[in-house]
Amino acid sequence: MIQKAGGTAVYSSTDTSDGVSVKQTVSNAIDAHGDVDILINNAAAFVFGNIETITADDWARVFGVNVIGYANCVREILPSMRSNGGGAIVNIASVSSFIAQPEFIPYNASKGAVAQLTRCLAMDLAEDNVRVNAVCPGSIRTRATDRHIDSLGLDPRKHMWNSDKTLS
(Lines of atoms letter the chains of each structure in order from A and count residues from 1; the text may use other names and numbers.)
(Lines give C-alpha, C1' and ligand atoms only; values in the text may rest on other atoms or scores of the structure.)
Protein backbone atom coordinates (compact mmCIF):
# COMPACT_ATOMS: atom_id res chain seq x y z
CA MET A 1 0.00 0.00 0.00
CA ILE A 2 2.79 2.44 0.85
CA GLN A 3 4.65 1.64 -2.35
CA LYS A 4 1.46 1.95 -4.42
CA ALA A 5 1.09 5.46 -3.00
CA GLY A 6 4.63 6.31 -4.16
CA GLY A 7 6.39 5.88 -0.84
CA THR A 8 8.95 3.43 0.46
CA ALA A 9 8.67 1.03 3.35
CA VAL A 10 11.50 -0.46 5.35
CA TYR A 11 10.94 -3.32 7.80
CA SER A 12 13.14 -3.72 10.84
CA SER A 13 12.65 -6.25 13.63
CA THR A 14 13.47 -4.57 16.93
CA ASP A 15 13.62 -5.63 20.56
CA THR A 16 12.65 -2.30 22.11
CA SER A 17 13.92 -3.41 25.52
CA ASP A 18 17.43 -3.62 24.01
CA GLY A 19 18.97 -0.18 23.54
CA VAL A 20 21.46 -1.46 20.93
CA SER A 21 18.64 -2.94 18.83
CA VAL A 22 16.68 0.33 19.03
CA LYS A 23 19.76 2.36 18.10
CA GLN A 24 20.28 0.22 14.98
CA THR A 25 16.62 0.49 13.95
CA VAL A 26 16.62 4.27 14.34
CA SER A 27 19.86 4.49 12.35
CA ASN A 28 18.31 2.37 9.57
CA ALA A 29 15.19 4.56 9.51
CA ILE A 30 17.20 7.77 9.30
CA ASP A 31 19.45 6.31 6.58
CA ALA A 32 16.37 5.31 4.57
CA HIS A 33 14.14 8.34 5.14
CA GLY A 34 16.14 11.20 6.66
CA ASP A 35 15.24 12.91 9.92
CA VAL A 36 12.31 11.53 11.84
CA ASP A 37 9.55 13.85 12.98
CA ILE A 38 7.00 11.35 14.32
CA LEU A 39 7.47 8.42 16.70
CA ILE A 40 4.62 6.11 17.66
CA ASN A 41 5.58 3.84 20.55
CA ASN A 42 3.30 0.83 20.19
CA ALA A 43 5.26 -2.21 21.38
CA ALA A 44 3.61 -4.19 24.15
CA ALA A 45 4.17 -7.30 26.21
CA PHE A 46 1.86 -8.83 28.76
CA VAL A 47 1.57 -11.88 30.92
CA PHE A 48 -1.52 -13.24 32.63
CA GLY A 49 -1.36 -14.19 36.28
CA ASN A 50 -1.77 -13.04 39.82
CA ILE A 51 0.78 -11.71 42.28
CA GLU A 52 1.65 -15.25 43.39
CA THR A 53 2.18 -16.70 39.91
CA ILE A 54 3.94 -13.85 38.12
CA THR A 55 7.71 -14.23 38.23
CA ALA A 56 10.44 -11.60 38.43
CA ASP A 57 11.29 -12.46 34.81
CA ASP A 58 7.67 -11.76 33.82
CA TRP A 59 7.83 -8.34 35.49
CA ALA A 60 11.17 -7.57 33.83
CA ARG A 61 9.94 -8.57 30.37
CA VAL A 62 6.71 -6.55 30.57
CA PHE A 63 8.38 -3.42 31.98
CA GLY A 64 11.36 -3.89 29.65
CA VAL A 65 9.17 -3.69 26.56
CA ASN A 66 6.32 -1.48 27.75
CA VAL A 67 8.25 1.20 29.65
CA ILE A 68 12.01 0.92 29.09
CA GLY A 69 11.40 0.14 25.41
CA TYR A 70 9.43 3.36 24.97
CA ALA A 71 12.17 5.33 26.74
CA ASN A 72 14.84 3.68 24.54
CA CYS A 73 12.96 4.70 21.39
CA VAL A 74 12.52 8.30 22.55
CA ARG A 75 16.17 8.58 23.57
CA GLU A 76 17.42 7.34 20.20
CA ILE A 77 15.01 9.36 18.04
CA LEU A 78 15.33 12.64 19.95
CA PRO A 79 18.54 13.91 18.28
CA SER A 80 16.86 13.55 14.87
CA MET A 81 13.77 15.41 16.06
CA ARG A 82 15.88 18.19 17.55
CA SER A 83 17.87 18.63 14.34
CA ASN A 84 14.57 18.74 12.44
CA GLY A 85 13.21 21.52 14.66
CA GLY A 86 10.83 19.35 16.66
CA GLY A 87 8.42 16.51 16.28
CA ALA A 88 5.64 14.49 17.81
CA ILE A 89 5.75 11.40 19.99
CA VAL A 90 2.64 9.29 20.58
CA ASN A 91 2.87 6.66 23.29
CA ILE A 92 0.23 3.96 23.16
CA ALA A 93 -0.72 3.60 26.80
CA SER A 94 -4.02 1.86 27.49
CA VAL A 95 -7.25 2.21 29.34
CA SER A 96 -5.39 -0.26 31.58
CA SER A 97 -3.33 2.67 32.85
CA PHE A 98 -6.48 3.90 34.63
CA ILE A 99 -8.34 0.72 35.57
CA ALA A 100 -7.60 -2.64 37.14
CA GLN A 101 -8.26 -5.92 35.37
CA PRO A 102 -8.08 -9.41 36.86
CA GLU A 103 -4.69 -11.07 36.44
CA PHE A 104 -3.18 -8.20 34.40
CA ILE A 105 -0.97 -6.82 37.18
CA PRO A 106 2.33 -6.17 35.34
CA TYR A 107 0.59 -4.92 32.19
CA ASN A 108 -1.65 -2.49 34.08
CA ALA A 109 1.25 -1.25 36.20
CA SER A 110 3.44 -0.79 33.12
CA LYS A 111 0.76 1.15 31.25
CA GLY A 112 0.34 3.39 34.30
CA ALA A 113 4.08 3.99 34.07
CA VAL A 114 3.71 4.81 30.35
CA ALA A 115 1.10 7.45 31.21
CA GLN A 116 3.48 9.03 33.73
CA LEU A 117 6.45 8.72 31.33
CA THR A 118 4.36 10.58 28.76
CA ARG A 119 3.61 13.45 31.15
CA CYS A 120 7.27 13.73 32.17
CA LEU A 121 8.52 13.67 28.57
CA ALA A 122 5.93 16.28 27.54
CA MET A 123 7.33 18.65 30.14
CA ASP A 124 10.99 17.86 29.47
CA LEU A 125 10.79 18.05 25.66
CA ALA A 126 8.43 21.00 25.21
CA GLU A 127 11.32 23.47 24.88
CA ASP A 128 12.65 21.33 21.99
CA ASN A 129 9.30 21.70 20.18
CA VAL A 130 8.62 17.99 20.66
CA ARG A 131 5.02 17.25 21.58
CA VAL A 132 4.41 14.09 23.59
CA ASN A 133 0.96 12.59 24.03
CA ALA A 134 -0.57 9.24 24.90
CA VAL A 135 -3.49 7.36 23.41
CA CYS A 136 -5.34 5.03 25.76
CA PRO A 137 -7.32 2.50 23.72
CA GLY A 138 -9.61 -0.02 25.35
CA SER A 139 -9.47 -3.77 25.00
CA ILE A 140 -8.90 -5.18 21.55
CA ARG A 141 -10.30 -8.59 20.83
CA THR A 142 -7.53 -11.06 20.08
CA ARG A 143 -7.00 -14.77 20.66
CA ALA A 144 -5.06 -13.88 23.80
CA THR A 145 -7.81 -11.70 25.25
CA ASP A 146 -10.42 -14.34 24.40
CA ARG A 147 -8.33 -17.00 26.19
CA HIS A 148 -8.01 -14.74 29.22
CA ILE A 149 -11.74 -14.00 29.34
CA ASP A 150 -12.45 -17.74 28.95
CA SER A 151 -10.04 -18.51 31.82
CA LEU A 152 -12.14 -16.19 34.01
CA GLY A 153 -15.29 -18.08 33.00
CA LEU A 154 -16.78 -15.10 31.17
CA ASP A 155 -18.46 -14.87 27.77
CA PRO A 156 -16.27 -12.51 25.67
CA ARG A 157 -19.24 -11.26 23.66
CA LYS A 158 -21.04 -10.23 26.84
CA HIS A 159 -18.18 -9.15 29.07
CA MET A 160 -15.73 -7.61 26.62
CA TRP A 161 -18.12 -5.24 24.89
CA ASN A 162 -21.37 -3.60 26.15
CA SER A 163 -21.14 -5.34 29.48
CA ASP A 164 -23.04 -4.88 32.70
CA LYS A 165 -20.14 -6.66 34.42
CA THR A 166 -16.88 -4.91 33.51
CA LEU A 167 -13.41 -6.32 33.83
CA SER A 168 -12.32 -3.47 36.07
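Here the sequence shown is numbered in this note's numbering, starting from 1 and rising by one per residue. We treat Cβ as the ideally placed atom computed from N, Cα and C, and that holds for glycine.
Original post:
Hey, lysine 39 and isoleucine 77 are a contact pair by Cβ (cut 8 Å); roughly how many whole angstroms apart?
Top reply: In the sequence under discussion, the amino acid at residue 39 is leucine, which differs from the lysine named in the question. The pair is a contact, with the Cβ atoms about 5 Å apart (cut-off 8 Å).
**OP:** Tell me where the beta strand (DSSP E) around asparagine 72 begins and ends.
**Re:** First-last for asparagine 72: 69–83, but that is the alpha helix (DSSP H), not the beta strand (DSSP E).
Original post:
Looking only at its own chain, which residues have a Cβ that is under 7 Å from the Cβ of tryptophan 161, when we skip the five neighbours before and after it?
Top reply: Low confidence applies here, because tryptophan 161 scores a pLDDT of 49, under 50, leaving its location unreliable; read the following figure in that light. Cβ neighbours of tryptophan 161 beyond the five flanking positions: none.
**OP:** Could you check if threonine 55 is buried or exposed, using at least 16 other CB atoms within 10 Å of its CB as the buried criterion?
**Re:** It counts as exposed.
Original post:
DSSP on methionine 98, reduced to helix/strand/coil?
Top reply: A quick correction: the sequence has phenylalanine, not methionine, at residue 98. Phenylalanine 98 sits in coil when the DSSP states are folded into three classes, being neither helix nor strand.
Subject >> Three-state secondary structure (DSSP) of leucine 39 >> reply: Three-state DSSP puts leucine 39 in a strand.
Original post:
If you pair each beta-carbon of the segment 81–88 with each one of the segment 55–68, do three or more pairs fall below 8 Å?
Top reply: no
**OP:** Note the first and the last residue of the continuous beta strand (DSSP E) segment covering isoleucine 92.
**Re:** 87–92
Original post:
So who's on the other strand from glycine 49, going by DSSP bridges?
Top reply: Answer is Phe104.
Original post:
So what does DSSP say about valine 130, is it helix, strand or coil?
Top reply: strand
**OP:** Look up valine 26 in the DSSP assignment and say whether it is helix, strand or coil.
**Re:** helix
**OP:** Spell out the partners DSSP gives valine 135 in its beta bridges.
**Re:** Ile92
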